[in-house]
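Inspection log for the structure reproduced underneath, given as structure tokens.
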Amino acid sequence: MAQSFFTKVQILISATLHSIVDRALEQNSLGVFDEYIRQAETSMATLKSAMVDMNASIKTLKRKYDESANEAAALDLQVDQALKAGKETLAKAQLTKLNAQLDIARTYQDQYEKQSHTYKVLLDVVQVLQAKVDVLEEQRDQVATLLELIKSKKIIARSIKDVRDITDDRTAKIVENVRTQLDQADARLEVATSRLSDEIQEEVGDASLEAQLEERRQKLGLT
């Protein structure tokens with residue numbers, strides 16, 4: 175996936191639910207909600223599609239690593255057997271094959287571990303984005319009520335606090351409910367969001383290495 179895509183996902187991940195609601199209030203439009211949801215759902219669809227292919231690649235890498243490791247183990251045994259039989263030339267030949275096989279096995283293992291880690295990051299990203307979309311959809315009707323209040327009062331609101339200051343008792347309960355739900359959701363997602371933001375940045379930083387990995391995949395017959 176392109177660096178620009180990862181950058182876009184990082185922005186979606188980093189946006190707090192409070193900031194999304196505040197922007198909706200400031201712009202006096204639910205379009206902010208709808209646009210975030212649209213972009214998040216599009217990104218999730220792209221990620222899920224990539225994960226299907228990645229999962230297949232991970233299984234292939236694991237199988238090839240196991241095969242290479244087993245072949246290396248067999249060659250290792252053959253080296254010892256040749257030495258015990260006094261066949262030093264054969265032992266050297268088998269040791270050369272063993273070293274080459276170990277290099278192949280390590281290459282498969284490195285790519286298996288990297289892709290497994292990336293797959294886990296993408297899975298976590300999808301789960302966090304889905305959690306944010308779920309909360310926004312749950313709060314959409316209540317935020318729509320707050321927007322109607324803003325229009326009726328003809329005020330400019332830049333945050334939930336601005337709305338709370340001009341509410342009656344009934345609307346105050348809506349404001350408090352929205353604020354509480356957002357606080358709880360943001361707190362629940364804060365650790366995961368911070369970690370994923372760093373890991374996505376790492377993925378972006380690894381973009382320069384992807385060409386090298388692709389070259390190796392071609393040499394190994396994985397593409």
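Per this note's numbering, numbering through the sequence shown is continuous, rising by one, with the last residue being 397.
Cβ atoms here follow ideal geometry from the backbone N, Cα and C, with glycine treated the same way.
By the C-beta density criterion, I232 is buried, having at least 16 other C-beta atoms within 10 angstroms.
Apart from the 5 residues on each side of it in sequence, A359 sits with its Cβ closer than 6 Å to the Cβ of L191 and V309 in its chain, given in chain order. With contacts defined by Cβ atoms closer than 8 Å, V300 and K222 form a contacting pair. With a threshold of 16 other beta carbon atoms within 10 Å, E241 falls short and is exposed.
Rounded to whole angstroms, the Cβ separation of L320 and Y286 is 50 Å, and the two are not in contact under 8 Å. A direct Cα-Cα distance of roughly 10 Å separates A243 from D277.
Closest in alpha carbon position to A305, among D196, M218, V352 and F180, is M218. The Cβ neighbour count for L370, taken over all protein chains shown within 10 Å, is at least 16; the residue is labelled buried.
Just so you know, the alpha carbons of L199 and L363 end up roughly 22 Å apart. Shown here, L323 sits in a helix according to DSSP, grouped into three states. DSSP, read as helix, strand or coil, puts G260 in coil. Inclusion of A246 and Q275 in the CB contact set at 8 Å is warranted, their separation being smaller than that value.
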